[in-house]
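In full-length UniProt numbering, the protein residues as written are 1 to 444. Yeah, the Cβ is synthetic: ideal placement off N, Cα and C, and Gly gets one too. See structure below.
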């Protein structure tokens, strides 16, 4: 290693070298598996975004204030966070398929119970179970990608997943808004349950096992906790994990507050809100594709991630100034433009945060994926009630939470990841340079 370069711990040394799964050599996983993994990662936006236009109506139907209604989002998010910490290590021990199928079945049952919830409190409880069960789709989809890909190829595949899963936040609010034309908010959960049944059937029939028995961890809870401690001891991994988590918190502040900001403060209809939400999601997806198809392989992942974070900060500053009427009374259009810029920047930040963290992991991909997802969802769950702390009649809390989360993400990236010491490959396939080969457990 060249003198002066920061030493990077080899996380793979804790596990004996193993032969790559045969499926890894067969990089052509097929369009069906690609779309299936995208569908699994789309579980959270489907469970949350299709439901967003109905939030004000849920409060009216169940006679609950906005803060309580927002807890139905927080509960689902917290459930997904905790569920990933459980399912990730399980998938490292028993393979990817069995934990995934079990989680999907419970997800369907919990979604049906949400449709039947008689009170706001029971809806919060059922949403918690729904989140716990739905966590498997997110964490196992990421682990499968890590089973199959390395380096830049992995970053590109994450961007491809964003294209597929990114369709969910585009169409979900639109579907939710149209469902509200013909039925009430309970119909949204009926549709989600049907989608869950279809996804379970396709996973059972077509998703192959990507983790060979030789690569599975044989230990129990102690081994899983040891793997997580080993991962958290790696400062850059933890830095990327926290940076991505707080970036996600800025995103979730928008998700949980925007229905009230757009519909209650600016008087837009559920259909108008759904359209604006879809446009912002298009920005996220397009940015993700520019990231995967144009930038990755030409510009280092660290630089793209840093640029995305910088744009998020600037957009959050603009939102805060407009929310405070610094430029005079602001209408919906300038707010919508700033939100579009912020959402688009997420397309550069979020997939690269995941890729940069997972590049440091050769084994324990399930545990690493669980930590990444759990951190994002836990921090996002905290952001949700904060944006409603000042009521439904101001956008200032949303902007403050977004700006604070983005600044913390920048601090974690600069202070813990030290990107000037490690640089991913800027061109080529999946072979890192500048010390990144050690991240993958290879010999320099």
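Per-residue DSSP class, three states only, for residue i
i: residue 69; result: helix
i: residue 262; result: helix
i: residue 326; result: coil
i: residue 299; result: strand
i: residue 233; result: coil
i: residue 375; result: helix
i: residue 418; result: coil
i: residue 244; result: helix
i: residue 370; result: helix
i: residue 283; result: helix
i: residue 227; result: helix
i: residue 361; result: coil
i: residue 216; result: coil
i: residue 208; result: coil
i: residue 25; result: Low confidence applies here, because residue 25 scores a pLDDT of 36, under 50, leaving its location unreliable; read the following figure in that light. Looking at residue 25 - three-state DSSP - the assignment turns out to be helix.
i: residue 311; result: helix
i: residue 288; result: helix
i: residue 278; result: helix
i: residue 347; result: helix
i: residue 355; result: helix
i: residue 394; result: coil
i: residue 399; result: helix
i: residue 383; result: helix
i: residue 174; result: helix
i: residue 267; result: coil
i: residue 238; result: helix
i: residue 222; result: helix
i: residue 200; result: helix
i: residue 411; result: helix
Residues of its chain near residue i, where Cβ-Cβ distance is below 8 Å and the 5 sequence neighbours each way are ignored
i: residue 175; result: 50, 191
i: residue 266; result: 331, 332, 335
i: residue 286; result: 344, 347
i: residue 479; result: Given a span of 1 to 444 for the chain in the structure shown, any question on residue 479 remains unanswerable.
Same chain, Cβ closer than 7 Å to residue i, neighbours up to 5 away in sequence not counted
i: residue 53; result: 173, 176, 177, 180, 259, 270, 273, 274
i: residue 59; result: 65, 66, 69
i: residue 75; result: 124, 127, 128, 131
i: residue 157; result: 145, 149
i: residue 349; result: 247, 305, 308, 309, 312
i: residue 117; result: 123, 126
i: residue 338; result: 315, 318, 319, 322
i: residue 209; result: 95, 96, 97
i: residue 202; result: 36
Same chain, Cβ closer than 6 Å to residue i, neighbours up to 5 away in sequence not counted
i: residue 91; result: 99, 140, 143, 366
i: residue 369; result: 88, 139, 142, 143
i: residue 249; result: 379, 380, 383, 405
i: residue 375; result: 241, 245
i: residue 387; result: 253, 256, 257, 397, 398, 401
i: residue 39; result: 199
i: residue 251; result: 346
i: residue 29; result: Low confidence applies here, because residue 29 scores a pLDDT of 49, under 50, leaving its location unreliable; read the following figure in that light. Hits under 6 Å: none found.
Neighbour-count burial assignment, residue i, 16 or more Cβ in a 10 Å radius
i: residue 288; result: buried
i: residue 302; result: buried
i: residue 206; result: exposed
i: residue 111; result: buried
i: residue 327; result: exposed
i: residue 234; result: buried
i: residue 194; result: exposed
i: residue 147; result: buried
i: residue 229; result: exposed
i: residue 225; result: exposed
i: residue 47; result: buried
i: residue 183; result: exposed
i: residue 119; result: exposed
i: residue 108; result: buried
i: residue 31; result: exposed
i: residue 415; result: exposed
i: residue 188; result: buried
i: residue 232; result: exposed
i: residue 44; result: buried
i: residue 213; result: exposed
i: residue 294; result: exposed
CB contact below 9 Å: residue i versus chain B
i: residue 174; result: Chain labels in this structure do not include chain B; a single protein chain is all it has.
Presumed contact (8 Å Cβ cut-off) between residue i and residue j, rounded CB distance
i: residue 280; j: residue 352; result: Actually they do not touch by this definition, with Cβ atoms about 20 Å apart.
i: residue 133; j: residue 106; result: 4 Å
i: residue 262; j: residue 276; result: 6 Å
i: residue 198; j: residue 41; result: No, residue 198 and residue 41 are not in contact; Cβ-Cβ is about 16 Å, not under 8 Å.
i: residue 95; j: residue 211; result: 5 Å
i: residue 222; j: residue 101; result: Residue 222 to residue 101, Cβ: 26 Å. No contact.
> What are the uninterrupted segments assigned as alpha helix (DSSP H) that are 4 or more residues long and contained completely in the region 37-95, given in chain order?
Replying inline: 43-49, 55-62, 66-94
> Residue ranges of each alpha helix (DSSP H) run of no fewer than 4 residues wholly in the region 98-164, ordered along the chain?
Replying inline: 120-148
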